[in-house]
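Structure first, then comments.
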């Protein structure tokens with residue numbers, strides 16, 4: 001059973017398993033990254049591949065390294081997009097300003113400069129990526145993507161929920177790759 005983040009004990013509401021229905025086999029996730037809306041398609045794809053390998057008793061080392069290499073090489077850029085709903089008007093975010101709000105504010109500022117209608121000021125959905133200069137809306141991204149963010153905040157937490165149980169460590173597996181970039 002996957003552990004609660006930062007804890008040694010398992011969580012009753014977080015698990016993955018195989019569901020057999022006749023000849024059909026389905027991978028089922030409860031409470032893990034694949035069912036959460038605040039994770040990127042990269043994390044979801046990685047988690048699915050990781051568990052399929054675990055359940056098939058296939059080696060994980062190359063899978064983990066391939067995901068990291070493909071991410072660093074820009075081969076998975078389309079999977080790096082966060083998609084979030086803005087639950088309030090942008091000007092109502094005062095004390096805590098989450099990344100999606102920063103990206104939406106920057107995008108609406110660009111819209112204002114270009115004489116376009118404001119797209120996010122009154123709620124809505126935003127698609128953004130994390131860049132070396134912080135979150136940027138997809139339609140106005142100018143900065144390079146921060147691949148280290150995705151490795152540390154998307155791939156590593158997923159791997160850390162599985163790898164320790166089979167005697168592997170994410171950082172040890174990918175340290176050489178990360179140092180090359």
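Numbering (the UniProt record's numbering), first residue to last: 1 to 181. Cβ coordinates follow ideal geometry from the N, Cα and C atoms, glycine included. Here the structure is a predicted model, which is why all the values come from computation and not from measurement.
Exposure label - residue i; buried when at least 16 CB within 10 Å
i           : result
residue 128 : buried
residue 161 : buried
residue 135 : buried
residue 147 : buried
residue 85  : exposed
residue 126 : buried
residue 154 : buried
residue 94  : exposed
residue 106 : buried
Local conformation of residue i per DSSP, three classes
i           : result
residue 145 : strand
residue 166 : helix
residue 16  : strand
residue 78  : helix
residue 88  : coil
residue 176 : helix
Under 7 Å between C-beta atoms of residue i and residue j
i           : j           : result
residue 131 : residue 145 : yes
residue 168 : residue 121 : no
residue 29  : residue 158 : no
residue 76  : residue 42  : yes
residue 114 : residue 140 : no
Rounded distance between the beta-carbons of residue j and residue i, thought under 8 Å
i           : j           : result
residue 64  : residue 173 : 5 Å
residue 81  : residue 138 : 6 Å
residue 165 : residue 156 : In fact, because the Cβ distance is near 15 Å, the residues do not count as touching under 8 Å.
residue 16  : residue 51  : 5 Å
Subject >> Sequence ranges, beta strand (DSSP E) only - wholly within the region 95-143, length at least 3 >> reply: 124-131, 134-137
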